[in-house]
Structures are given as structure tokens and as C-alpha cells.
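Residue numbers (our numbering): 17 to 463.
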């Protein structure tokens, strides 16, 4: 059983460490995505580069193999090298990738989305989540003639949203003043914004659920308030779309927004996103400028058609939900058995849950989480603390994770009892980038 980080840890990740040093000389951050960068992993005790994946397993550049519970930040919903997706992409590759005019796949995927998503009568495509959330906000502003936006959750890197976080460098002050935060599960915080700026909100955008379950009446209450104040309700379904239900969280919770955006679960890792809504509102997409050379790129559209077909015809979501419910129950039981109830808890939906670490008088949550991830990685579990399940995860994958928890949870308890969590780290603890999903009014600040 592994305990304190030892010198051999660096040997395990030697190629990753060397690649990271080289990458940081040429690539700011050494990665293209903050959540995939060295900032999100235990320093000196992590892989930084993966080279291949199959099913729910991945191999790093040092040839260490892991059961992957990150799943490409939830983008890989069916598993790596899914045969149906790969076959569809291979067929399309032989015909071409990007064309000088539109391709029939754009219509085919739009039809599938419209058949599945309650709010969808029309669809436009982008390449990532930020593309379509920004498009939704611009469309809402054009439709309403208003400028202010209410936000709750994480909605991408563009100025209109990121200016409301601590990562706001380079965002004009005038832009920041137009975005206001409200608190999830707190209708009064929504009412307060509408009362403070009557008739000024173009849109309220939110993740219908992240790790907190919506309280009874919350989502319908938001729906009613936005209608009352003439504000468009936008569901950011990057995570919940094609994961909570075939029609997303709007189907799962039976609350239909005015607009919805999708991405991660759409194309099994291929870059594609979508904005959808009723024709009356989506008609404005012809007037606002939303255009990109690669919006109709065919490999991602072929992947999406295969994904949506598989979700419609096979028990993809039922399987993920069943395994996820087992995982939540068994993880919580192990937390209790290890006497870690005050330090850790499992939150979320079976399709996407996570272990959250809480600060205490005698321990630091960041240090404990870093030690936890360090020891998971050493045992072949690729994780950032969440359970990002795909259709490729099976009982054996869950058993691997739970057996590792059986080893690591007692180590956490022992480190807490000895008061030496920090001494067991290979390096400094991981620090969060910024808090994107405040859990309560006390942690909420309006922008």
C-alpha cells in the first residue's frame, strides 16, 4: 500500500514532467484548457499528457494505464474509440471534412436534436460551449432590446461571463457591470435582481443542475419569474444535455426554457456544440452575426449523428444512471466507514457526481483533496474528484475505483489523525482557479 509520496513518483511520470517543461516554453500554461493543465493536478505526482484511450481506459506518455473518471471533461460520453462513432467518422472522412457550401449532415443532426429536445424548433452549431452560450446571450439581447444578464454557474470564457469571476483580467469594466450573479436554489436572489434593475434583464442563464439538486419549485419558479419580467430563460446544458435524459435536464425536470445550449455530450469528444430554441426567437440568428468556418465541419456532425442515434436506440443513459447511483451509494458508505463524514461528501446526479472536500478547524480542504488525488493517480485512477461516467464504464471499472477508495480513504483518515497531510504531499496543494458554482447565499457575491 502506498503512503507518503516517495522519490520514485517522479520516475512514474518522467516523460510527462519533461513534456510539461518543454510545453511551458512554447505554450502558455502548457495546455489548451485550464481544467486539463498542471494547475488542476497534484504537482510532481501526476501525468500531464495522455497518448491514447480505449473504452474507459487511457494511457499516459509514460505508458501508465488508468481507469478514466474525467472522460475528457464529460465530453467522452460513450467511451474512447466507440465503434459506432469511429465508423461514422471514418466513412465521412473518405468524403471530405470541410466544404465550400453546407453539407446535408447539418440538416440531419438538426432534425435529431429537434426531435429530442423539448425547447428546440431550430438549431445552429458551434465548436465549443463558449461559442453557443455567447450566441445565446447575444440573441437574447437582440430579441429583448435589453443588456443585463443574470448568471448562475459556469458558462465559458467570453467577456460577458468571465468578467463576473475573479479571472476577469482584460474584460472592460462596462462589460462586467452588465452581468449579475444569483444563487442557485434561492428564488429571492432572483427577485432581488429583477427588483434592482426592472425591465433591464435580457436573459437569465443557468445550469439547470450542477452538483446541487434543485429544490422543489425552484426551476419552475425561475421559469415563472423570467416570464413575468420579460426575460429569456436559457438553460446551459453542456453537462446535463444527453446525460440526464435524452432531451436533457429540461426533459428530466419538465421545465422548458426559451433557449438551450449543448456541447459535451453531443459528439463523444469531437468538437461540436449547439444552440436551440423556438423559431420565433431563433429567427434572430439570421440577424445577429454568428458565423464560423468550421460550424458545419462534417466529422463532428457525423459523430453527433452516431451518438444521438445510439442514445435513442440503446440503454446508454439507463446504464450510466444505474452505475452512477451504485457509485454514489457505495462511495458514501465508504466515507462513513472511514470516519470522513465531516471532511468529505458525495454530491450530484448519478450521471455526474463528485466528492467535495470541506475545510475544518484542524485541516485544509485543498491539502486533503491534493493528497486524495495523488494517491488515486498512483493506483491507476485518473480523477479530479468527480465521477464522469461514460457508457464504456462497467462493473469492473467501478470495482477498480471502489477498491482504490478502500485503500485511500483510510490513508486520509490516518493523515488527519496524525496531522501530517501536508507532509505527505509530493509538492504544494492544488488551489482552485475560481469558484464558479457558489453553494449558498453566504458564498454569493453579486457582480
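Where is the CB? At the ideal position from N, CA and C, for every residue including glycine.
Because the structure is a prediction, the values reported are computed rather than measured.
- request: Within the same chain, show all residues whose beta-carbon is closer than 6 Å to that of residue 257, passing over the 5 residues directly before and after it, in chain order.
  value: 264, 278 and 281
- prompt: In or out: residue 210 buried (at least 16 other Cβ within 10 Å) or exposed?
  reply: buried
task: Using 10 angstroms around the beta-carbon of residue 276, count the other beta-carbons present and answer buried if the total reaches 16, otherwise exposed.
output: buried
Length at least 3, wholly inside the segment 71-98: the beta strand (DSSP E) runs in chain order: 73-76 and 81-84
- request: Pair every Cβ in the segment 104-120 with every Cβ in the segment 297-308, then say whether three or more of these pairs are closer than 8 Å.
  value: no
query: Is the number of C-beta pairs between the segment 213-232 and the segment 153-170 that are closer than 8 Å three or more?
result: Using a Cβ-Cβ distance cut-off of 8 Å, the segment 213-232 and the segment 153-170 are in contact, since at least three pairs of beta carbons, one from each stretch, lie closer than that value.
query: Run through DSSP, which three-state label would residue 221 get?
result: strand
field: Exposure of residue 315, with buried meaning 16 or more beta-carbon neighbours within 10 Å
entry: buried
query: Do you know how far the Cα of residue 431 is from the Cα of residue 397?
result: The alpha-carbon separation between residue 397 and residue 431 amounts to approximately 20 Å.
Limits of the unbroken alpha helix (DSSP H) element including residue 346: 332-353
- prompt: Does the beta-carbon of residue 369 have 16 or more other beta-carbons within 10 angstroms, so that it is buried, or is it exposed?
  reply: buried
task: Kindly examine the ligand PLP and report whether one of its heavy atoms sits closer than 8 Å to the Cβ of residue 280.
output: Questions concerning the ligand PLP fall outside what the structure shown contains, since it holds no ligand whatsoever.
- request: Classify residue 140 as buried or exposed, calling it buried when 16 or more other Cβ atoms lie within 10 Å of its own Cβ.
  value: buried
task: Classify residue 196 as helix, strand or coil using the three-state DSSP reduction.
output: strand
task: Reducing DSSP to helix, strand and coil, say where residue 374 ends up.
output: Of the three classes helix, strand and coil, the one that applies to residue 374 here is coil, per DSSP.
query: When you compare each of 340, 174 and 295 to residue 402 by their alpha carbons, which one comes out closest?
result: 340
- prompt: Of the residues 129, 195 and 323, which one's Cα is nearest the Cα of residue 169?
  reply: 195
- request: Report yes if the CB atom of residue 62 is closer than 9 Å to the CB atom of residue 389, and no otherwise.
  value: Cβ distance < 9 Å, so residue 62 and residue 389 count as in contact.
query: Ordered along the chain, which non-local residues of its own chain (more than five positions away) have a Cβ less than 7 Å from that of residue 283?
result: 316, 319, 320 and 323
message: Quick check: what's the CA-CA separation for residue 443 versus residue 182?
response: 25 Å
Complete alpha helix (DSSP H) runs within the segment 367-427 (minimum length 4 residues, chain order): For the alpha helix (DSSP H) assignment, the uninterrupted runs of no fewer than 4 residues enclosed by the segment 367-427 are, from N- to C-terminal side, 381-394.
- prompt: Residues in its own chain within less than 8 Å of residue 406 by CB, not counting five upstream and five downstream?
  reply: 72, 87, 92, 93, 94, 95 and 336
At least 3 beta-carbon pairs within less than 8 Å: the segment 124-137 vs the segment 289-304: Taking 8 Å as the limit for Cβ pairs, the verdict is that the segment 289-304 does touch the segment 124-137.
field: residue 155 (DSSP reduced to helix, strand or coil)
entry: helix
task: Leaving out five residues on either side along the sequence, give the residues of the same chain with a beta carbon under 6 Å from the beta carbon of residue 47.
output: Closer than 6 Å at the Cβ level, and outside the excluded window around residue 47, lie 53.
Secondary structure of residue 298, DSSP reduced to three states: helix
query: From which residue to which residue does the beta strand (DSSP E) around residue 249 run?
result: 248-252
query: What residues are listed by DSSP as bridge partners for residue 168?
result: By DSSP's assignment, residue 168 forms a beta bridge with 222.
- prompt: Three-state secondary structure (DSSP) at residue 140?
  reply: Residue state, collapsed to three classes: strand.
field: Helix, strand or coil at residue 46 [DSSP, three-state]
entry: helix
query: Hey, how far is the Cα of residue 437 from the Cα of residue 428?
result: 8 Å
- prompt: Whose CA, out of 37, 51 and 59, lies closest to the CA of residue 386?
  reply: 59
message: By the DSSP assignment, the alpha helix (DSSP H) with residue 238 in it spans what residues?
response: 234-244
field: residue 425 versus residue 379: straight-line alpha-carbon distance, rounded
entry: 15 Å
task: Take residue 143 as the anchor and find which of 83, 416, 291 and 414 has the nearest alpha-carbon.
output: 291
- prompt: In the segment 263-310, which residue ranges form an unbroken beta strand (DSSP E) of at least 3 residues, counting only runs that do not cross its ends?
  reply: 275-278 and 289-293
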